Amino acid sequence: MSAKMNQKAQIKRSREKRNQDKMDKAMNDVKKIGIVACGLIAVLIVIGIFINPDESYAAGFLTQLPDSFYSGETTEQQALIGDISLPKEFYGTSGNDRLSYIYCMDHRLGMIGATQEKPELAHLYEKGNSVKSNFSLEETGRSTSYNGLIYILQNDTITGDGAKDYYITQLAVWWYLDRANGFSDDKNYTSYDLGTATNSEDNKYDEYGNYKFYNNLSAADKATIKADQIYGQYVVNLVEGAVANQNNYNDEIGSQDISIDVTNITYTVNNDYLETSLIKASSTNTNFESYSIQINGNIDNIEIVDENGNPISSNNISANQSFKLRVPLSEVQNEKFKATVTVIGNFSNYYDAYVYNPNPSDHSGVTLQRALLGLIEKPSAPITIDLEAPTIPTPDTNMNSYLVYGIGSLIIIAGIVLIVVAKRPNNAKKK
């Protein structure tokens, strides 16, 4: 008997040891996985720190425009359509930050930027006027605005390849400027004066290969773009869209204001909640789009609901939607409801684009093109209101409970009595 017990004990200890060994192995495996994962994360962090930490390859709009920037470019060129050759990247830098691609506005003038091999080629550009301004056309007495450029920048993500999209967009910028300047697609011009139109493509480039016409793309260039089956239609669509939408960007940003009429806010009490009346934010700016709510007060459990009492998010409420604040009575029976509510109004995206002019003292003997950068703003404006419910006698929910229980008990007792009374005659008949 003793031998069997010892054998069972040994089997039990052996099983326990195997289980412990399995557990130890599993824990060691977990540790190894953790060490490897931490190592990979560390490598990724190092890569993120040292590889182009401030570089942005996005074209189009910035949320804040610099007062100036220096130009940069790649030495690698691309000619996706015909013989129209452009750098794969032409961009601006501000301090250690790389800005978006920049687009040039005068094909016949210099397009020069710093490269890795020649950083001294960086040229200084300074912020000028919005494209909504009127720009004088040299020696003609005419002026024009370039609102349609905003449309082109809004739609400059086309193929998903940044370099190709830059090329397509630059051609569209040049072509649209020709349209805005009054130049015909079928003629070339030797000045901004429309009377200098010619059909000849002779002397299109000077002896150094620089483009010479005042129309940014020659008639032959435009015909080649139209005929191109791969990228040409993208360029044409951008130009036609810019022309069709050039009058849609005349609105100014306007004042950002938001208001709430606190004089009409009332408070209602029921058995469960204290609730405000509908609260509505408004603005004189027709671009008022949405708002968010922040609440600070002596009550923690405050709920934001719509006009039907359904909970709504505090982060994105439509401008035409009202809200109510709701508080459980259990939160306010022993202390008054008091809260500071901040409503932050959001206004629709505001798009603009600015012309940057080359600094005259930084040309190094080269007359440079004007450059273009886009601006996108999403303005917001806050208002803060103080809410405090007047002293309202809140219902005694305990008394209500007692009343319900009492009525229920009476109903039950009355039911039992009726059953007993109803059965007594039947029992009497059986006797």
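In case it helps, our numbering puts the sequence shown at residues 6 to 436. Even for Gly, the Cβ is constructed at its ideal location relative to N, Cα and C. It should be emphasised that the depicted structure is a prediction, and the values quoted were computed from it without experimental measurement.
{"Asked": "Under 9 Å, do Ala-177 and Leu-91 count as touching if we go by C-beta distance?", "Found": "no"}
{"Asked": "Residues in the same chain with beta-carbon distance under 8 Å from Val-332, minus the five sequence neighbours each way, listed in chain order, please.", "Found": "Tyr-278, Leu-279, Glu-280, Ile-304, Asn-306, Ile-307, Glu-308 and Phe-342"}
{"Asked": "Would Tyr-194 and Glu-144 qualify as a contact pair, given that the criterion is a beta-carbon distance under 9 Å?", "Found": "no"}
{"Asked": "Quick one: grab the DSSP three-state call for Ile-270.", "Found": "coil"}
{"Asked": "Do you know offhand how far Ser-323's Cα is from Tyr-213's?", "Found": "59 Å"}
{"Asked": "Roughly how many angstroms separate the alpha carbons of Ile-117 and Pro-124, rounded to a whole number?", "Found": "11 Å"}
{"Asked": "Span of the alpha helix (DSSP H) holding Tyr-210?", "Found": "Careful: Tyr-210 lies outside any alpha helix (DSSP H) and carries neither H nor E."}
{"Asked": "May I ask which residues mark the beginning and end of the beta strand (DSSP E) holding Arg-103?", "Found": "102–106"}
{"Asked": "In whole angstroms, what is the alpha-carbon distance linking Tyr-272 and Leu-392?", "Found": "10 Å"}
{"Asked": "Identify, in the order they occur along the chain, each residue of the same chain with its Cβ nearer than 7 Å to the Cβ of Ser-295, setting aside the five sequence neighbours on each side.", "Found": "Asn-321, Ile-322, Ser-323, Ala-324 and Asn-351"}
{"Asked": "Assess contact between the segment 161–179 and the segment 253–272, defined as three or more Cβ pairs (one per stretch) separated by less than 8 Å. Is contact present?", "Found": "no"}
{"Asked": "Give the single residue among Ile-388, Glu-78 and Ala-84 whose Cα lies nearest to the Cα of Ile-235.", "Found": "Ala-84"}
{"Asked": "Closest to Ser-384 by C-alpha separation, out of Tyr-216, Ser-260 and Tyr-254, would be which residue?", "Found": "Correcting the residue identity first, residue 384 is Pro in this sequence and not Ser. The candidate whose alpha carbon is nearest that of Pro-384 is Ser-260."}
{"Asked": "What is the DSSP secondary structure of Asn-250, counted as helix, strand or coil?", "Found": "helix"}
{"Asked": "I'd like the list of long-range same chain contacts for Tyr-156, defined as Cβ closer than 6 Å, with 5 residues on each side in sequence excluded.", "Found": "Gly-246, Ala-247 and Asn-250"}
{"Asked": "Counting C-beta neighbours from all protein chains within 10 Å, is the total for Gln-299 16 or more, i.e. buried, or is it exposed?", "Found": "exposed"}
{"Asked": "Which value, in whole angstroms, describes the spacing of the CA atoms of Gly-165 and Val-240?", "Found": "15 Å"}
{"Asked": "In the DSSP assignment, the beta strand (DSSP E) including Val-310 goes from what residue to what residue?", "Found": "308–310"}
{"Asked": "Let me know the secondary structure DSSP gives Ser-359 once reduced to three states.", "Found": "Reading off the sequence shown, one finds Tyr at residue 359, where the question assumed Ser. If DSSP states are grouped into helix, strand and coil, Tyr-359 belongs with the strands."}
{"Asked": "With C-beta atoms as the reference, is Ile-390 less than 9 Å away from Val-337?", "Found": "no"}
{"Asked": "By the 10 Å Cβ neighbour count, where 16 or more other Cβ atoms means buried, how is Glu-257 classified, buried or exposed?", "Found": "exposed"}
{"Asked": "By Cβ distance, which residues of its chain are closer than 7 Å to Leu-182, with the 5 residues on each side in sequence left out?", "Found": "Met-110, Tyr-151 and Asn-221"}
{"Asked": "Can you tell me the Cα-Cα spacing of Glu-382 and Tyr-171, whole angstroms?", "Found": "22 Å"}
{"Asked": "Quick one: Cα of Ser-406 to Cα of Asp-311, how far?", "Found": "With a pLDDT of 47 at Ser-406, under the threshold of 50, the modelled position of this residue cannot be trusted; read the value that follows with caution. Near 29 Å, if we compare the C-alpha coordinates of Asp-311 and Ser-406."}
{"Asked": "Mapping the DSSP letters down to three states, classify Gln-335 as helix, strand or coil.", "Found": "Per the sequence shown, residue 335 should be read as Ser rather than Gln. Reduced to three states, the DSSP call for Ser-335 is helix."}
{"Asked": "May I ask which residues mark the beginning and end of the beta strand (DSSP E) holding Ile-381?", "Found": "376–382"}
{"Asked": "Compare the beta carbon distance of Ala-378 and Leu-67 with 9 Å and say whether it is the shorter of the two.", "Found": "The sequence as given places Leu at residue 378; Ala does not occur at that position. Yes. Within cutoff."}
{"Asked": "Answer yes or no: does any C-beta atom of chain D fall closer than 9 Å to that of Thr-268?", "Found": "Structure shown: chain D not included; a single protein chain is present."}
{"Asked": "For Tyr-156, report the span of its alpha helix (DSSP H) as first-last.", "Found": "153–159"}
{"Asked": "Buried or exposed: Lys-231, going by 16 or more other Cβ atoms within 10 Å of its Cβ?", "Found": "exposed"}
{"Asked": "On the three-state DSSP scale, how would you describe Lys-217?", "Found": "coil"}
{"Asked": "Check Ile-317 in the structure and name its three-state DSSP category.", "Found": "coil"}
{"Asked": "Can you give me the C-alpha to C-alpha distance between Glu-78 and Asp-72, rounded to a whole angstrom?", "Found": "20 Å"}
{"Asked": "Taking Ile-388 and Ser-264 to be in contact with their CB atoms under 8 Å, please state how far apart those CB atoms are, rounded to whole angstroms.", "Found": "6 Å"}
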